[in-house]
Amino acid sequence: MTTTPRQLKSLYEQGQNISALLREEKGCQHNTEEIIETAYDMQTGSYIAAMENAECAKHKKDYTSEIAKTVLSLCDPRSILEAGVGEATTLSGVLQHLKTEASSFGFDLSWSRVAYARRWLQSQGVPNSTLCTGSLLHIPFADNSIDVVYTSHSIEPNGGNEEPILQELFRVTRKFLILLEPGYELASDEARRRMDSHGYCKNLKGIADYLGYDVLEHKLLPFTPNPLNPTAITIIKKDEDAAPPSYILACPKFKTPLEEMGDMLFSPEALVVYPIVGGIPCLRIENGIIASKYEEVMGAG
Ligand SMILES: C[S@@+](CC[C@H](N)C(=O)[O-])C[C@H]1O[C@@H](n2cnc3c(N)ncnc32)[C@H](O)[C@@H]1O
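In our numbering, the protein residues as written are 520 to 820.
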């Protein structure tokens with residue numbers, strides 16, 4: 520019998536590993552997006568709560584200051600996106616350290632985490648980010664739309680999907696792509712065994728090289744709260760001459776513009792309506808409702 524989300528929530532509260540439980544229930548070796556979404560949605564609130572812990576807050580401050588320093592050493596971005604933004608406890612620090620006028624963006628598989636992210640950013644005095652739900656495999660942003668795209672341990676649970684995810688992140692990037700992800704190849708044997716058992720990503724630098732990307736740097740970061748999950752930074756440069764598009768949020772399926780219509784986002788190319796739930800655009804392909812007559816009906820008032 521399938522465990523219901525309510526049962527999973529109570530198992531999570533009892534300290535169980537929800538991803539491992541779902542992998543076993545579904546007979547998967549790797550995490551699917553459904554498993555990742557469910558496991559992370561159940562954890563919503565835990566990252567913000569951890570910021571109450573002084574040691575954790577200090578680590579986050581050092582970590583986000585290092586990310587901001589790296590970004591500024593590369594360029595003065597006009598736009599920045601954290602892909603897999605979680606509760607925005609990393610994005611808030613990066614924006615505070617950047618002290619920039621850049622437009623900021625974030626998306627995540629989990630609606631609950633995006634909702635908490637929005638509240639957290641407001642509480643931290645950085646309220647103007649555009650947030651939505653979305654998948655790393657079908658990013659709801661236009662090609663070359665964001666100067667600096669970065670990830671912070673969001674590719675991590677997507678072992679097996681590294682190549683399509685890197686291609687999607689690179690597509691959206693205009694200048695630099697920065698990955699802060701488990702450094703499998705640079706880690707100890709014990710750490711690698713743990714990463715394997717959790718279905719974590721690996722070989723990001725090797726795949727970027729294979730895809731012909733210009734990898735400027737790949738090394739371990741000194742800040743690692745968990746030595747069994749050390750963070751590696753990988754910096755990838757993209758052609759700066761690419762023209763920015765006239766729109767940023769895009770249909771996740773065709774990467775074409777979206778139109779706000781009747782409190783929803785309509786994709787004229789896909790003939791699909793994407794809902795806005797609690798003020799959050801839900802831009803995963805499976806959130807779309809095919810509605811070829813939507814324009815006609817809504818346009819008619
Ligand atoms: C370890 S948390 C890190 C959150 C945030 N980046 C941070 O630094 O605090 C990983 C986040 O990535 C998101 N994520 C994982 N796989 C994803 C995918 N395929 N598409 C979109 N988000 C994803 C999860 O929902 C989760 O919120």
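All residues carry an ideal CB built from backbone N, CA and C; glycine is no exception.
Using a Cβ-Cβ cutoff of less than 8 angstroms, which residues in the same chain neighbour residue i once the five nearest sequence positions on both sides are dropped?
i	result
SER584	GLY612 and HIS616
CYS801	TRP630, CYS651, THR652, TYR793, PRO794 and ILE795
Quick check: the Cα distance between residue i and residue j, rounded to an integer number of angstroms?
i	j	result
GLU815	GLY781	12 angstroms
GLU571	THR523	31 angstroms
LEU735	GLY725	13 angstroms
ALA636	ASP728	33 angstroms
ASP581	GLU574	11 angstroms
ASN550	TYR559	12 angstroms
SER623	VAL633	14 angstroms
LEU777	LEU768	7 angstroms
ARG711	LEU784	42 angstroms
LYS588	PRO787	40 angstroms
LYS774	GLU620	26 angstroms
CYS706	LYS812	Note that residue 706 corresponds to Ala in the displayed sequence, not to Cys. Distance between the alpha carbons of ALA706 and LYS812 is about 54 angstroms.
SER631	HIS717	23 angstroms
ILE799	THR521	29 angstroms
CYS594	GLY731	22 angstroms
GLU553	ILE537	12 angstroms
ALA789	ALA810	9 angstroms
ASN647	MET817	29 angstroms
ASP758	GLU544	44 angstroms
GLY546	GLN643	41 angstroms
LEU541	GLN526	12 angstroms
Excluding sequence positions up to five away, which residues of its chain have a Cβ less than 7 angstroms from the Cβ of residue i?
i	result
GLU709	LEU747
VAL645	SER611, LEU614 and GLN615
GLY679	HIS549
CYS720	ILE674, GLU675, ASN677, GLY678, GLU681, GLU700 and PRO701
TRP639	ILE567, GLU606, ALA607, THR608 and SER611
ALA576	MET570
Identify which residue in the options has its Cα closest to the Cα of residue i.
i	options	result
LEU591	LYS694, MET570 and SER565	LYS694
SER664	GLY644, ASN647, GLU687 and HIS672	GLU687
GLN562	CYS594, CYS770 and GLY534	GLY534
HIS578	THR608, LEU600 and GLN641	THR608
LYS528	ARG713, GLU556, SER673 and GLU700	GLU556
PRO741	LYS545, SER716, ILE586 and GLU544	ILE586
ALA569	SER538, GLY603 and PRO744	PRO744
THR753	LEU650, ALA761 and ASP733	ASP733
SER565	HIS737, GLY603, LEU541 and TYR531	TYR531
THR670	GLN643, ASP662, LEU723 and ASP758	LEU723
ASN806	GLU543, PRO659 and LYS756	PRO659
LYS756	LEU541, ALA576, THR692 and ASP715	THR692
ALA821	GLU779, MET714 and GLU601	This structure leaves residue 821 out entirely; the chain is present only between 520 and 820.
LYS618	VAL604, GLY603 and PRO596	PRO596
GLY603	GLN643, ASP662, ASP760 and ILE684	ILE684
ALA762	LEU696, ALA661 and LEU541	ALA661
According to DSSP, is residue i part of a helix, a strand, or is it coil?
i	result
CYS720	coil
THR750	strand
GLU681	helix
LEU768	strand
VAL792	strand
HIS549	coil
GLU675	coil
LEU655	coil
TYR732	coil
THR670	strand
PRO524	helix
THR563	coil
CYS575	helix
ARG690	helix
THR609	helix
LEU699	strand
LYS618	coil
SER623	strand
How close, in whole Å, do the beta carbons of residue i and residue j come, if the pair is a contact with beta carbons under 8 angstroms?
i	j	result
ILE808	VAL791	6 angstroms
SER598	ASP666	5 angstroms
GLY653	PHE689	At roughly 16 angstroms, the Cβ-Cβ gap does not stay under 8 angstroms, so GLY653 and PHE689 are not in contact.
LEU696	VAL668	5 angstroms
Looking at the C-beta of residue i, does it have a partner C-beta in chain D at a distance below 9 angstroms?
i	result
GLU709	This model lacks chain D altogether; it includes just one protein chain.
Leaving out the 5 sequence neighbours to the left and right, which residues in its chain are closer than 6 angstroms to residue i when beta-carbon positions are compared?
i	result
GLY702	LEU739, PRO749 and ALA751
ILE804	HIS657, PRO771 and LYS772
HIS737	LYS724 and THR753
GLU779	none
THR649	PHE624
Going by the C-beta, is residue i closer than 8 angstroms to any heavy atom of ligand 3?
i	result
VAL604	Absence of ligand 3 from the depicted structure is noted, with ligand 1 being the only ligands included.
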